[in-house]
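Engineer:
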Amino acid sequence: VIPRWNYTNEVQTVHAGDRFLQVNTHTTGSNILRELTSATRLDVVLARAERRIDPEEGRFYTFKDCQNKWKGQAKQRWSKLQTSAKPVAEASSRQQALVAIRAPQRTLALQLEKSQAHQGYGFNVDRASLKLTQITDEGLLAAWNDANPSRAVTPGDTVIKANGWSDAAGVYQAINSDSLVLDLMLARNSGVAVWGTFGVQLDRTGGQRLGCQVSDNLEITALQNEGAIAAWNRSSTYNEICLGDSIVQVDGCTTPKSMMQKLVSANSMRLVVARAERRISGKTGRACTLKACQEHLTGSVSAERQWALMAPAPEPPQEPLARPRQTWLEDPVQSSHSEVSYFQEGPLLGAKDFYSNLLQVRA
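Going by the numbering used here, the sequence shown opens with residue 5, and the numbers climb by one from there.
Here it is in structure tokens:
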């Protein structure tokens, strides 16, 4: 778990020499050891050992790191390293940092319900690996994604159980059966599971432009100051579209060709967007992506070096589960039923910049 945390949080990395002060509210040595060996989630307070930076590698080391790597030359190497600055976020005067060590969401349970026995469930899987190879345009699974954008299923996710069956033959048979209900358990695609997905409602009435450029695989490569996306970003509390994000669904369409057609022609559309990794800018206090750094950073410091010094952004909250909509023509905002709409803004922390406020609360 800790190497995975270090891989995705280059500023708040755990090093040899750091000391556990508290684990899941426990502070005594025996209880801390028990929690470390048995608990499935670890909320950890660490005392940070002194870090120094190798200017050539751009990497941080503690003295224990030097002892482990260079053995008898540890003191000499340590003396040549440069003293590092405080972390960008969550640093106190005693240089303690709250580190929530958590694994990305590994599984997702959902239920799909057909209206007719011969109707498909709206996705294809590889028979050997049971990985999703395609999500059908405007199918049942696409409807699930549209209603639950923060838990969207994407190609590459793997079915590990279907209607109680866990072996490959049973799972494949359940998916292709005439049963009206399919209970699925999926193992998440690692990239999407870590950074997540979110829903977006865009309105282009009046001839407004979309305001972005996308690659062939629907990755956001450029954003404009005006347009439907810019309007969404100004009104969104924490689900802003950023450079490097990828569009994975548009009004139930999931193939690149059909999504592109919707983006070009539709006046009103619902998107499901895969979130690129966010980190907190020390200058602005706002969340940004590596692509944004590469686009906007000027000066002698490279975007990659600046990115490495940024603190990781906390994970946004997920919306409550909702039942899939019965028709793609239904207006999600004006609907009279009681489903929770993810397009309606909640109060959250009462500020537009959710990420930086959440960091202040945690600190």
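Just so it is clear, CB atoms sit at the ideal spot from N, CA and C, and this is done for glycine as well.
Predicted model, so just to flag it, every value in this text is computed and none were measured.
Using 8 Å as the cut-off, can you tell me whether the segment 283-293 makes contact with the segment 207-214, which would need three or more C-beta pairs spanning the two stretches below that distance?
Structural biologist: Counting Cβ pairs under 8 Å, fewer than three are found: no touch.
Engineer: Count the other C-beta atoms from every protein chain shown that fall within 10 angstroms of the C-beta of Arg131, then say buried if there are 16 or more, exposed otherwise.
Structural biologist: Within the sequence shown, the letter at position 127 stands for residue 131. Under this definition Arg131 is an exposed residue.
Engineer: Could you pull out every unbroken alpha helix (DSSP H) segment of at least 4 residues lying fully inside the segment 219-306, listed in chain order?
Structural biologist: Correct list: 232-239, 260-269, 294-300.
Engineer: Is the CB-CB distance between Ala291 and Ala317 below 8 Å?
Structural biologist: For this step, residue 291 is matched to residue 287 along the sequence shown. For this step, residue 317 is matched to residue 313 along the sequence shown. Contact flag set, yes.
Engineer: Would you kindly work out how many angstroms separate the C-alpha atoms of Gln71 and Lys79, rounded to a whole number?
Structural biologist: Taking the first residue of the sequence shown as position 1, residue 71 is located at position 67. Taking the first residue of the sequence shown as position 1, residue 79 is located at position 75. The alpha-carbon atoms of Gln71 and Lys79 are separated by roughly 8 Å.
Engineer: Taking 8 Å as the threshold (beta carbon to beta carbon), is Gly200 in contact with chain B?
Structural biologist: As a matter of chain content, chain B is missing from the structure shown, which is built from one protein chain.
Engineer: Between the Cα of Ala369 and the Cα atoms of Asp150, Ile233, Arg274, Lys266, which residue gives the shortest distance?
Structural biologist: Absent from the structure is residue 369, since the part of the chain shown begins at 5 and ends at 367.
Engineer: List the residues that DSSP assigns as beta-bridge partners of Gly203.
Structural biologist: As a working mapping, residue 203 is identified with position 199 in the sequence shown. In DSSP, Gly203 forms a bridge with Val276.
Engineer: In the structure shown, what three-state DSSP assignment does Asp150 receive?
Structural biologist: On the sequence shown, position 146 is the one that residue 150 refers to. In the structure shown, Asp150 sits in a helix (DSSP, three-state: H, G or I).
Engineer: Hey, Cys297 and Ala312 are a contact pair by Cβ (cut 8 Å); roughly how many whole angstroms apart?
Structural biologist: Here residue 297 is taken as the residue at index 293 of the sequence shown, counted from 1. Here residue 312 is taken as the residue at index 308 of the sequence shown, counted from 1. Incorrect: roughly 10 Å between the Cβ atoms, too far for contact.
Engineer: Is Tyr65 near the ligand ZN - that is, is its Cβ less than 7 Å away from at least one heavy atom of it?
Structural biologist: Annotation note on the ligand ZN: not contained in the displayed structure, which lists no ligands.
Engineer: Drop a sphere of 10 angstroms on the beta-carbon of Lys165, count the other beta-carbons inside from all chains shown, and report buried for 16 or more, exposed for fewer.
Structural biologist: Looking up residue 165 in the sequence shown gives position 161. Per the 10 Å Cβ criterion, buried.
Engineer: Would you report the Cα separation of Pro159 and Leu114, rounded to the nearest angstrom?
Structural biologist: On the sequence shown, position 155 is the one that residue 159 refers to. On the sequence shown, position 110 is the one that residue 114 refers to. Near 16 Å, if we compare the C-alpha coordinates of Leu114 and Pro159.
Engineer: Would Pro59 be called buried (16 or more neighbouring beta carbons within 10 Å of its own) or exposed?
Structural biologist: Against the sequence shown, residue 59 aligns to sequence position 55. So Pro59 ends up on the exposed side.
Engineer: Would Asp255 pass as a contact of Ala278 if the rule is Cβ separation under 8 Å?
Structural biologist: Here residue 255 refers to the residue found at position 251 of the sequence shown. Here residue 278 refers to the residue found at position 274 of the sequence shown. For Asp255 and Ala278, no; Cβs fall outside 8 Å.
Engineer: When we look at the beta-carbon of Gln265 and count the other beta-carbons within 10 Å, is it buried (16 or more) or exposed?
Structural biologist: The residue labelled residue 265 in the question sits at position 261 within the sequence shown. Exposed: under 16 other Cβ atoms inside 10 Å.
Engineer: Could you check if Asp141 is buried or exposed, using at least 16 other CB atoms within 10 Å of its CB as the buried criterion?
Structural biologist: Position 137 of the sequence shown, counting from 1, holds the residue named residue 141. When all chains shown are included, Asp141 counts as buried.
Engineer: For Thr41, name the three-state secondary structure that DSSP assigns.
Structural biologist: Working through the sequence shown from its first residue, we reach residue 41 at position 37. Thr41: helix per DSSP, three-state reduction.
Engineer: For Glu142, which three-state DSSP category applies?
Structural biologist: Mapped onto the sequence shown, residue 142 falls at position 138. Correct three-state label for Glu142: coil.
Engineer: Return the CA-CA distance between Leu134 and Ser170, expressed in angstroms with no decimal places.
Structural biologist: For the purposes of this step, residue 134 is identified with residue 130 of the sequence shown, where counting begins at 1. For the purposes of this step, residue 170 is identified with residue 166 of the sequence shown, where counting begins at 1. Answer to the nearest angstrom: the Cα atoms are 11 Å apart.
Engineer: Let me check one thing: in DSSP terms, what residues is Arg192 bridge-paired to?
Structural biologist: Residue numbering aside, residue 192 sits at position 188 when the sequence shown is read from its first letter. None; Arg192 has no bridge partner.
Engineer: Please state if the CB of Leu136 and the CB of Pro414 are separated by a distance shorter than 8 Å.
Structural biologist: Summary: the structure shown does not reach residue 414, with the chain confined to residues 5 through 367, and so no result is reported for it.
Engineer: In angstroms with no decimal places, state the Cα-to-Cα distance between Thr44 and Val196.
Structural biologist: Locating residue 44 in the sequence shown gives position 40, counting from the first residue. Locating residue 196 in the sequence shown gives position 192, counting from the first residue. The alpha-carbon atoms of Thr44 and Val196 are separated by roughly 21 Å.
Engineer: Please classify Leu37 as buried or exposed, where buried requires at least 16 neighbouring CB atoms within 10 angstroms.
Structural biologist: As a working mapping, residue 37 is identified with position 33 in the sequence shown. Burial call: exposed.
Engineer: If the criterion is Cβ atoms closer than 8 Å, does the pair Val218 and Ile245 meet it?
Structural biologist: Working through the sequence shown from its first residue, we reach residue 218 at position 214. Working through the sequence shown from its first residue, we reach residue 245 at position 241. For Val218 and Ile245, no; Cβs fall outside 8 Å.
Engineer: Could you give the first and the last residue of the continuous beta strand (DSSP E) run that contains Val49?
Structural biologist: For the purposes of this step, residue 49 is identified with residue 45 of the sequence shown, where counting begins at 1. 46-51 is the extent of the beta strand (DSSP E) around Val49.
Engineer: Within 10 angstroms of the Cβ of Ile6, are there 16 or more other Cβ atoms? Answer buried if so, exposed if not.
Structural biologist: Along the sequence shown, read from residue 1 onward, the residue named residue 6 stands at position 2. Ile6 is exposed by the Cβ-count criterion.
Engineer: Identify which residue in Met314, Ala270, Leu247, Thr258 has its Cα closest to the Cα of His300.
Structural biologist: As a first step, residue 300 must be located in the sequence shown, where it is residue number 296. If we check each option's Cα against that of His300, Leu247 comes out closest.
Engineer: With DSSP as the reference, please indicate the residues paired to Pro320 in a beta bridge.
Structural biologist: Residue mapping note: residue 320 aligns to position 316 of the sequence shown, counting from 1. Its beta-bridge partners do not exist; DSSP assigns none.
Engineer: Check Glu308 in the structure and name its three-state DSSP category.
Structural biologist: Residue mapping note: residue 308 aligns to position 304 of the sequence shown, counting from 1. Reduced to three states, the DSSP call for Glu308 is helix.
Engineer: Is it right to say Val18 is buried, meaning 16 or more other beta carbons lie within 10 angstroms of its own, or is it exposed?
Structural biologist: Residue mapping note: residue 18 aligns to position 14 of the sequence shown, counting from 1. Result: buried.
Engineer: Considering only residues of the same chain and omitting the five flanking positions on each side of Asn243, which have a CB-CB separation below 6 Å?
Structural biologist: If you number the sequence shown from 1, residue 243 lands on position 239. Only Phe202 meet the Cβ criterion.
Engineer: Tell me the DSSP secondary structure of Arg81 in three-state form.
Structural biologist: Position 77 of the sequence shown, counting from 1, holds the residue named residue 81. Reduced to three states, the DSSP call for Arg81 is helix.
Engineer: I'd like to check one pair, Arg56 with Asp22: are the Cβ atoms closer than 8 Å?
Structural biologist: For this step, residue 22 is matched to residue 18 along the sequence shown. For this step, residue 56 is matched to residue 52 along the sequence shown. No; because the gap between Cβ atoms is not below 8 Å, this pair is not in contact.
Engineer: Considering Lys68, what are the terminal residues of the alpha helix (DSSP H) in which it resides?
Structural biologist: Here residue 68 corresponds to residue number 64 of the sequence shown, with the count starting at 1. Unbroken alpha helix (DSSP H) run through Lys68: 67-74.
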